[in-house]
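The sequence shown begins at 54 in the numbering used here and counts up one residue at a time.
Everything below concerns the one structure shown next.
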Amino acid sequence: MKTKFRLIISLLLAALLLTSCATFRAPTPQDILRAELLKWKNFSAEGVMEVNYSFISLRKMFSVNKTGDEFRLDMLDGGIMGINPEPLMSLYMGPYLSLKIPIYPDLEQIAASLDIQSNPLAFLKDTDGIVSRYGNEIIANHKVSIGDADLSFNERLQLTRIDIRDVDSSLEVAYSKKGDPDIVTFNLENKATLKLLVDSISYGQAEVSPLPKSQPAPLSDDLLKLMDKLLSPRGK
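This is the structure in structure tokens:
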């Protein structure tokens, strides 16, 4: 009886050991790439935003939320002791573009006149599709082109740069020792730089509150001049 009992225990231990070995296999490069891309599918982050345009420099708090199809960035005024910050500026990208700047409503009207129908970074939601179609190329070359975007990766298969060719703009990412995005820099057509210094970030629980869709209206001569100034090369 003791011999049979020991045999049963030995078989059970062997089964557990084999199952454990099969379950805890080393992650493949495809697994690592998928996990890194998944971070960009849904996240929330907070920190400090630095904006530089021409001779203007601004430093404010920010919050950002991104889901598969939607993105919202809020520039916050900390107020007294940082309590109840109110957005100085809010940018929403989803099925449409919406901009809210209470102190400069003319810019809201300019944004409403831009015919942008989708979030240019929405392709990042298809994590499995990117890995299955482009995974081998990314792992071998650490770069890939998807639509109008050129993506670059580091040795850890972390996304480090996105170049959007149509608008001549780019996004660069530096990572912390923990592997989270630490500094995210947007270069906008060599005219403006927006840098996000990330204090905290979480994944998978983000929710985006869309801004109301503004109705475009005919632009006045003053607005047309302002738009031409904003879109002209820096220094001209």
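We put the CB at the ideal spot given by N, CA and C, even for glycine.
Quick caveat: nothing in here was measured; it's all calculated off a predicted structure.
Where residue i sits in the DSSP three-state scheme
i, result
"residue 209", "coil"
"residue 88", "helix"
"residue 230", "coil"
"residue 118", "strand"
"residue 180", "helix"
"residue 188", "helix"
"residue 140", "strand"
"residue 65", "helix"
"residue 133", "Model confidence at residue 133 stands at a pLDDT of 48, short of 50, so the residue's coordinates are unreliable and nothing is read from them."
"residue 216", "strand"
"residue 240", "strand"
C-beta contact flag for residue i and residue j at 7 angstroms
i, j, result
"residue 99", "residue 262", "no"
"residue 249", "residue 104", "no"
"residue 230", "residue 149", "no"
"residue 97", "residue 264", "no"
"residue 245", "residue 119", "no"
Pairwise C-alpha distance: residue j and residue i
i, j, result
"residue 155", "residue 220", "26 angstroms"
"residue 243", "residue 213", "19 angstroms"
"residue 192", "residue 80", "14 angstroms"
"residue 117", "residue 127", "6 angstroms"
"residue 65", "residue 185", "37 angstroms"
"residue 123", "residue 222", "19 angstroms"
"residue 84", "residue 215", "21 angstroms"
Residues near residue i by beta carbon distance below 6 angstroms, same chain, minus five either side
i, result
"residue 197", "187, 190, 191, 204"
"residue 89", "210, 211"
Close-in-space but distant-in-sequence residues of the same chain around residue i (CB under 7 angstroms, 5 per side omitted)
i, result
"residue 93", "177, 212"
"residue 235", "227, 228, 229, 251"
"residue 201", "217, 218, 219"
"residue 91", "180"
Close-in-space but distant-in-sequence residues of the same chain around residue i (CB under 8 angstroms, 5 per side omitted)
i, result
"residue 181", "87"
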